[in-house]
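Engineer:
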Amino acid sequence: QGLGNAQQQLVAVDQALRLVGLHSLLMERRLTSLSAGQRQHVALARVLSLRPVLIICDNPTSTLPPGAGEAFFRLMAQLRHNEGIAFLWLVSQPQAAAQYADRLGILQQGRLETLDRVERALAQWPAPLTA
């Protein structure tokens, strides 16, 4: 569909930064000057500016401190609820993600063993959920 002209692109970026709680003044800063959490939010904003219906995240909180990781999952859950964006989170420590997810799939040795609502998937799976 295209990204529009330069002005439309700037508006889309500004809107995306606001969706993830960042101010548009960050557009003037170098990525290397941002914290790990800010960089993760910028990465999400970059994707959001394209107006996706699905975002696939591979260990989206692996570089974040524990408290920041939970806040990032909360942000993505809010985006899912408010913007209608579907998220697929691939995580090695599912406990943090499970409280913000609707469904949980459990892979074991490359095979999908369980896919169900979080509560049911956890109840069906006797082993501790770790990488």
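Numbering (the numbering used here), first residue to last: 15 to 145.
From the three backbone atoms N, C-alpha and C, an ideal C-beta is built for every residue, glycine too.
As the structure is a computational prediction, the values presented were derived from the model and not from experiment.
(1) Could you tell me which of 40, 109, 137 and 87 sits nearest to residue 100, measuring between CA atoms?
(2) Does the region 132-140 come into contact with the region 63-75, if we say contact requires no fewer than three beta-carbon pairs (one atom in each stretch) closer than 8 Å?
(3) Take residue 98 as the anchor and find which of 52, 128, 62 and 37 has the nearest alpha-carbon.
(4) What are the boundary residues of the beta strand (DSSP E) that includes residue 65?
(5) So for residue 78, helix, strand or coil by DSSP?
(6) I'd like to know whether the C-beta atoms of residue 59 and residue 25 end up nearer to each other than 7 Å.
(7) Using only the alpha-carbon positions, how far apart do residue 37 and residue 51 sit?
(8) Thinking just about the alpha-carbon of each residue, which of 82, 107, 31 and 23 is nearest to the one in residue 57?
Structural biologist: To lay it out plainly:
(1) Comparing Cα-Cα distances from residue 100 to each of 40, 109, 137 and 87, the minimum goes to 87.
(2) no
(3) Comparing Cα-Cα distances from residue 98 to each of 52, 128, 62 and 37, the minimum goes to 62.
(4) Taken as a continuous stretch (DSSP letters only), residue 65 belongs to no beta strand (DSSP E), as it is neither H nor E.
(5) coil
(6) No. Outside cutoff.
(7) 14 Å
(8) The residue with the shortest Cα to Cα distance from residue 57 is 31.
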